[in-house]
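Trainee: Quick note: the sequence shown, position 72, residue 72 per the UniProt record's numbering, numbers continuous.
Here you go, one structure.
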Amino acid sequence: MYKISEFAEITGLTKETLRYYAEVKLLEPAYIDPHNNYRYYDDGSYFLAILLGKLRRFGFTIQEMISVMEDESFYHLEDLLIQKRENIQLKIEDLRKQTEEIDDFLESGREDENDD
1 MYKISEFAEI TGLTKETLRY YAEVKLLEPA YIDPHNNYRY YDDGSYFLAI LLGKLRRFGF
61 TIQEMISVME DESFYHLEDL LIQKRENIQL KIEDLRKQTE EIDDFLESGR EDENDD
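Rendered as structure tokens:
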């Protein structure tokens, strides 16, 4: 069993994040000491914590993460990851178009200066 501070260190999640995940029922401690309310996590929680860290890094919302965790078989995880990847690709394309528009706008301003 790991105290919350140890578990935070080995998973890369903060203690605050772990507390929040417990609050929203994403990742609950394996044991809470009734005398001091210390939270303890076990090895089984490690995989879930790593998965949640990855999902957060991939831009999953809390609600999306909850739906992943509710599907204990992770049957739909691959579909969700593919969908998230496609959304990221669309955002990248949109950002590329925005940078082109900015470049075009800047260039048009330079052309106006040269006409003076």
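Cβ coordinates follow ideal geometry from the N, Cα and C atoms, glycine included.
#1: Starting from TYR41, follow the beta strand (DSSP E) in both directions and report where the run begins and ends.
#2: Thinking just about the alpha-carbon of each residue, which of VAL24, ASN37, TYR46 and LEU80 is nearest to the one in ALA8?
#3: Is the stretch 31-45 touching the stretch 1-18 in the sense that three or more CB pairs, one from each, lie closer than 8 Å?
#4: Assuming GLY109 contacts LYS84 (C-beta within less than 8 Å), just tell me the rounded distance between them.
#5: Within the same chain, show all residues whose beta-carbon is closer than 7 Å to that of LYS15, passing over the 5 residues directly before and after it, in chain order.
#6: I need the straight-line Cα distance from residue 117 to ARG19, nearest angstrom please.
Mentor: For this structure:
#1: Here residue 41 corresponds to residue number 41 of the sequence shown, with the count starting at 1. Note, TYR41: beta strand (DSSP E), 39-41.
#2: What you label residue 8 is simply residue 8 of the sequence shown in a count that begins at 1. Taking ALA8 as reference, the option from VAL24, ASN37, TYR46 and LEU80 with the minimal CA-CA separation is TYR46.
#3: Flag = yes, the stretch 1-18 and the stretch 31-45 touch.
#4: The residue labelled residue 109 in the question sits at position 109 within the sequence shown. The residue labelled residue 84 in the question sits at position 84 within the sequence shown. With a contact defined as Cβ atoms closer than 8 Å, GLY109 and LYS84 miss out at about 37 Å.
#5: Numbered from 1 along the sequence shown, position 15 holds the residue referred to as residue 15. Counting only Cβ-Cβ distances below 7 Å, and skipping sequence neighbours, we find ILE4, SER5 and ALA8.
#6: For residue 117 there is no data in the structure shown, the boundaries of the chain being 1 and 116.
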